[in-house]
Amino acid sequence: MLPDNPAMHEMYRRMCLIRYFEETVIEIHSAGELIGPAHPYIGEEAVAVGACAALRNEDRIAGNHRSHGHPIAKGGNVKGAMAELLGKVDGFCKGKGGSMHLADFSVGILGESGIVASSVPIATGAGLAAKVLKKDFVSLVFFGDGASNQGACHESMNMASLWKLPVIFLCENNQYAITTSYKNSVSVDNVADRAPAYGMPGVTVDGQDAVAVHEVVSHAVARARAGDGPSLVECMTYRFEDHSLGLDRIRKVAYRSDEEVAEAMKRDPLDIHRAAMLKGDIATEAECDEIENAARAEIADALEFARNSPYPEPEALFEDMYADDG
Ligand SMILES: Cc1ncc(C[n+]2csc(CCOP(=O)(O)OP(=O)(O)O)c2C)c(N)n1
Ligand SMILES: [Mg+2]
166 MLPDNPAMHE MYRRMCLIRY FEETVIEIHS AGELIGPAHP YIGEEAVAVG
216 ACAALRNEDR IAGNHRSHGH PIAKGGNVKG AMAELLGKVD GFCKGKGGSM
266 HLADFSVGIL GESGIVASSV PIATGAGLAA KVLKKDFVSL VFFGDGASNQ
316 GACHESMNMA SLWKLPVIFL CENNQYAITT SYKNSVSVDN VADRAPAYGM
366 PGVTVDGQDA VAVHEVVSHA VARARAGDGP SLVECMTYRF EDHSLGLDRI
416 RKVAYRSDEE VAEAMKRDPL DIHRAAMLKG DIATEAECDE IENAARAEIA
466 DALEFARNSP YPEPEALFED MYADDG
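At position 178 of the sequence shown the residue is numbered 343 (my numbering), and the sequence of numbers has no breaks.
Structural data, given as structure tokens:
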């Protein structure tokens, strides 16, 4: 079933925000304003947006290294995200985390990590917390096809299923782990095929279609909230850009052909969602343009805000290092 019209508009708005955020990141990275690695999410927007549209504000998400899109999809403020990338004090983590650490607890974003698969047990722990505290929030973790082979992933799925934790394991299968192809590194045709081994449902869905992702994740969320335990959702997607900005040597490795990339880019998730809205009389061309223009303006404002925000003071280095016992 299609989400209602305002929800469809909001999904498009968030996909546009992610796309323009990432385009801006690429621009400022190549200009030398943004330093260090950053992993563009362009091409995968429908996964984060479709999944987060099935969640409530208090539901938790955790991400990975390719995680600028996840917090934006969850409703995180783009100014806080941009300022964090630039290492500024108004960033989500006061400028001390950067690109791979965008946490905003006010909207359930637990954060991310550059250690592949390490957020999977963290999200599982959040699911355990919901159960122990008898709260009805669920926890969803985004991880890649490469991460799906890591021990932490298997251990988490086993434990979550055993204890019927309210967790959604969401694999973003973009078919590569840096330059290693899925076909050469995973023992099953689909990551979701592994779900029965843990005693949980596993579904593979078109990750370029936000509505399809939303539908599948909604079922997994309902199951988790009802106390029936976790699910594994595999979203088939494709990263349109290089693995990471600032890793030029990888660009020289011929791990995927230009034809393959061009073919995948024909299924742009923004185009697919826009076409679905036009076809279903959910939005007019003018309304779609308006959403795009407003999103562009919001990202331009976020960049301006981030540029004007100061760097944190050196004295703040050890603040927020330990949890407050109180
Ligand atoms: C434990 C660990 N091993 C290796 C790396 C290096 N590394 C960074 S990203 C990445 C690939 C991850 O692939 P995938 O999980 O499919 O996510 P994607 O980048 O495709 O979104 C690797 C191997 C790392 N950061 N952490
Ligand atoms: Mg991958």
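Backbone N, C-alpha and C define an ideal beta-carbon position, used for all residues, glycine too.
Within the same chain, and ignoring the five residues on either side of residue 324 in sequence, the residues whose Cβ sits closer than 7 Å to its Cβ are 289. Of the candidates 299, 337, 252 and 434, 337 places its Cα closest to the Cα of residue 314.
Residue 487 counts as exposed, since fewer than 16 other C-beta atoms from the protein chains shown sit within 10 angstroms of its C-beta. Relative to the non-hydrogen atoms of ligand 2, the Cβ of residue 338 comes within a distance shorter than 8 Å of at least one. Counting only runs of 4 or more residues that sit fully inside the stretch 384–422, the alpha helix (DSSP H) segments are 413–416, in chain order. Per DSSP, residue 191 is one residue of the alpha helix (DSSP H) stretching across 170–195.
Burial is judged here by how many other beta carbons sit within 10 angstroms of a residue's own beta carbon; residue 473 has fewer than 16 and is exposed.
Less than 9 Å divides the Cβ of residue 251 from the Cβ of residue 198. In the structure shown, residue 316 adopts helical secondary structure according to DSSP, grouped into three states.
Per DSSP, residue 284 is one residue of the alpha helix (DSSP H) stretching across 284–297.
Annotation for residue 203: no beta strand (DSSP E) segment contains it, and DSSP assigns it neither H nor E. Here residue 252 carries a coil assignment [DSSP, helix/strand/coil]. Measuring C-alpha to C-alpha distances from residue 399 to each of 347, 372, 450 and 262 identifies 372 as the nearest. Exposure of residue 270 is indicated by the presence of fewer than 16 other C-beta atoms within 10 angstroms of its C-beta. For the pair residue 438 and residue 211, the Cα-to-Cα distance works out to about 8 Å. Fewer than three Cβ pairs drawn from the stretch 277–296 and the stretch 239–253 lie within less than 8 Å of each other, which leaves the two stretches out of contact. Placement of the Cβ of residue 319 at a distance of 8 Å or more from every heavy atom of ligand 1 is found.
Under DSSP, residue 335 takes part in a beta bridge, and its partners are 307 and 398. Shown here, residue 464 sits in a helix according to DSSP, grouped into three states.
Short of 7 Å from the beta carbon of residue 174, and not among the five residues preceding or following it, lie these beta carbons of its own chain, in chain order: 448 and 456.
When DSSP states are grouped into helix, strand and coil, residue 371 belongs to the strand group. Residue 267 carries a coil assignment under DSSP once its states are collapsed to helix, strand and coil. Partner residues in the beta bridge of residue 276, as assigned by DSSP, are 227.
For residue 194, same chain residues with a beta-carbon under 7 Å away, outside a window of 5 residues either side, are 203, 410 and 411 in chain order.
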